[in-house]
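*Asks:* Under the working numbering, the letters of the sequence shown match residues 414 to 646, in that order.
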Amino acid sequence: MTQHRFNHWSEIKYLKDIVTNPMIEVGEYSYYSGYYDQHDFEDGCVRYLWGDEKSRKLFNPAEDYGWVLDKLIIGNYVCIASGVVILMGGNHNHRSDWITVYPFVEQIAASYEPKGDTIIESDAWIGMNAMIMPGVRIGEGAIVAAGSVVIKDVPPYTIVGGNPAKEIKKRFTDQEIEWLMEMRWYDWDRKDIERAGHILSSSSIHRLYDFYQREIRPCPTNGNDNELDLTRT
Numbered sequence: 414m415t416q417h418r419f420n421h422w423s424e425i426k427y428l429k430d431i432v433t434n435p436m437i438e439v440g441e442y443s444y445y446s447g448y449y450d451q452h453d454f455e456d457g458c459v460r461y462l463w464g465d466e467k468s469r470k471l472f473n474p475a476e477d478y479g480w481v482l483d484k485l486i487i488g489n490y491v492c493i494a495s496g497v498v499i500l501m502g503g504n505h506n507h508r509s510d511w512i513t514v515y516p517f518v519e520q521i522a523a524s525y526e527p528k529g530d531t532i533i534e535s536d537a538w539i540g541m542n543a544m545i546m547p548g549v550r551i552g553e554g555a556i557v558a559a560g561s562v563v564i565k566d567v568p569p570y571t572i573v574g575g576n577p578a579k580e581i582k583k584r585f586t587d588q589e590i591e592w593l594m595e596m597r598w599y600d601w602d603r604k605d606i607e608r609a610g611h612i613l614s615s616s617s618i619h620r621l622y623d624f625y626q627r628e629i630r631p632c633p634t635n636g637n638d639n640e641l642d643l644t645r646t
């Protein structure tokens, strides 16, 4: 597969344009920047995930063995750098609770152990050469430092790093994070995001929250949902 190769380090590819695997769900404007390792997103960055064209022709573990397969779910405006590895559920047949971790062919049907969906929530940034282990949830607005190995969930708006990845710091105060999680700017209409672009590209969460209250949050109807707003006619 070469159709998704990169020509320069500055080039990005929107996941909506390149993902074909039905086991991967991707949001709007999330991208992969894979120039330095020249891997396709679905055949290099994401690994051991059944559902690509070749694996579908070879076998169907859901039908053949009754497995419940893990999915990769990526939100909106996620940034994934070159060299990132997202390990998935194609090889969860090494059972640490059994005497041997060797996956004997005769025991494959019984050996599979799902890890749960891997979820990268909106506005997260996964740094170069980071590895995301199966079943991890990376919270909205989180940053995973380059070279990190993430083995457990990352809270929203938290920076983690190292092997295994540990919390370095929160990006904002608890109150600011609460506001951000209420606003969910990445779910707004694109035109509203563009109008607020100058605020989003600043550190002023107070200004964004003012914009949200003024322009985005629905106005109250004084308890009568059927009341017409005559000021708009």
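Every residue, glycine too, gets a C-beta built ideally from N, C-alpha and C.
Whose C-beta lies closer than 7 Å to the C-beta of Asn-639 among residues of the same chain, with five residues either side of it excluded?
*Replies:* Here the model assigns Asn-639 a pLDDT of 42, short of 50, so the residue's position is not dependable, and the following value carries that caveat. Once the five neighbours on either side are set aside, Asn-639 has no close Cβ partner at all.
*Asks:* Please work out which residues of its chain come closer than 7 Å, Cβ to Cβ, to Lys-528, disregarding the five sequence neighbours upstream and downstream, and give them in chain order.
*Replies:* Around Lys-528: Asp-483, Gly-502, His-505, Pro-547, Gly-548.
*Asks:* In or out: Asp-465 buried (at least 16 other Cβ within 10 Å) or exposed?
*Replies:* Counting Cβ neighbours within 10 Å, Asp-465 comes out buried, since at least 16 surround it.
*Asks:* Buried or exposed: Glu-476, going by 16 or more other Cβ atoms within 10 Å of its Cβ?
*Replies:* Flag for Glu-476 reads exposed.
*Asks:* Buried or exposed: Arg-630, going by 16 or more other Cβ atoms within 10 Å of its Cβ?
*Replies:* Arg-630 is exposed by the Cβ-count criterion.
*Asks:* I'd like to check one pair, Met-541 with Ala-559: are the Cβ atoms closer than 8 Å?
*Replies:* Yes, Cβ-Cβ distance for Ala-559 and Met-541 is below 8 Å.
*Asks:* Out of Ser-468, Val-562, Val-439, Lys-583, state which residue places its alpha-carbon closest to the alpha-carbon of Gly-554.
*Replies:* When only C-alpha atoms are compared, the closest one is Lys-583.
*Asks:* Glu-580 lies in the beta strand (DSSP E); which residues open and close that run?
*Replies:* Note, Glu-580: beta strand (DSSP E), 579-583.
*Asks:* Can you have a look at Ile-590 and say buried or exposed, based on whether 16 or more other CB atoms are within 10 angstroms of its CB?
*Replies:* Answer is buried; the Cβ neighbour count reaches 16.
*Asks:* May I have a chain-ordered list of the alpha helix (DSSP H) segments no shorter than 4 residues that lie completely inside the stretch 583-631?
*Replies:* Listed in chain order, they are 587-596, 603-608, 610-613, 618-624.
*Asks:* Below 8 Å on the Cβ atoms is my guess for Ser-423 versus Gly-488; work out the distance and round it to an integer in Å.
*Replies:* Wrong, their Cβ atoms sit about 24 Å apart, outside the cutoff.
*Asks:* Which class does Val-518 belong to by DSSP, given the choice of helix, strand or coil?
*Replies:* If DSSP states are grouped into helix, strand and coil, Val-518 belongs with the helices.
*Asks:* Buried or exposed: which applies to Tyr-515, given that a residue is buried once 16 or more other Cβ atoms fall within 10 Å of its Cβ?
*Replies:* Label assigned to Tyr-515: exposed.
*Asks:* Can you look up Thr-644 in the DSSP assignment and give me helix, strand or coil?
*Replies:* Here the model assigns Thr-644 a pLDDT of 34, short of 50, so the residue's position is not dependable, and the following value carries that caveat. Three-state result, Thr-644: helix.
*Asks:* Measure the C-alpha to C-alpha separation of Asp-430 and Phe-585 and round it to an integer number of angstroms.
*Replies:* Rounded to the nearest angstrom, the two C-alpha atoms are 33 Å apart.
*Asks:* Trp-538 bridges to which residues according to DSSP?
*Replies:* Per DSSP, Cys-492, Ile-556.
*Asks:* Taking the straight line between their C-alpha atoms, what separation do you get for Glu-580 and Asn-434?
*Replies:* Looking at the two C-alpha atoms, the distance is approximately 32 Å.
*Asks:* Which residue marks the beginning of the beta strand (DSSP E) containing Leu-500, and which one marks its end?
*Replies:* Its beta strand (DSSP E) spans residues 498-500.
*Asks:* Using C-beta distances below 8 Å, list every residue in its chain close to Val-563, excluding the 5 sequence neighbours before and after it, in chain order.
*Replies:* Cβ within range, chain order: Ala-543, Met-544, Ile-545, Met-546, Val-549, Ile-551, Val-557, Val-573, Pro-577, Ala-578.
*Asks:* CA-CA distance, Phe-624 and Arg-603?
*Replies:* Whole-angstrom Cα-Cα distance: 15 Å.
*Asks:* Take Arg-460 and list the residues in its own chain whose beta-carbon comes closer than 8 Å to its own, dropping the five residues that flank it on each side.
*Replies:* Here the set comprises Val-498, Ile-499, Leu-500, Met-501, Gly-503.
*Asks:* What does a CB cutoff of less than 8 Å around Ile-521 pick up in its chain, not counting 5 residues either side in sequence?
*Replies:* Around Ile-521: Tyr-478, Asn-506.
*Asks:* Note down, in chain order, each residue of its chain lying with its Cβ closer than 7 Å to the Cβ of Val-439, except the 5 sequence neighbours on either side.
*Replies:* Cβ neighbours of Val-439 beyond the five flanking positions: Leu-428, Lys-429, Val-432, Ile-487.
*Asks:* Determine the closest residue to His-421 out of Gly-447, Ile-437, Glu-441, Met-436, with distance taken between C-alpha atoms.
*Replies:* The residue with the shortest Cα to Cα distance from His-421 is Gly-447.
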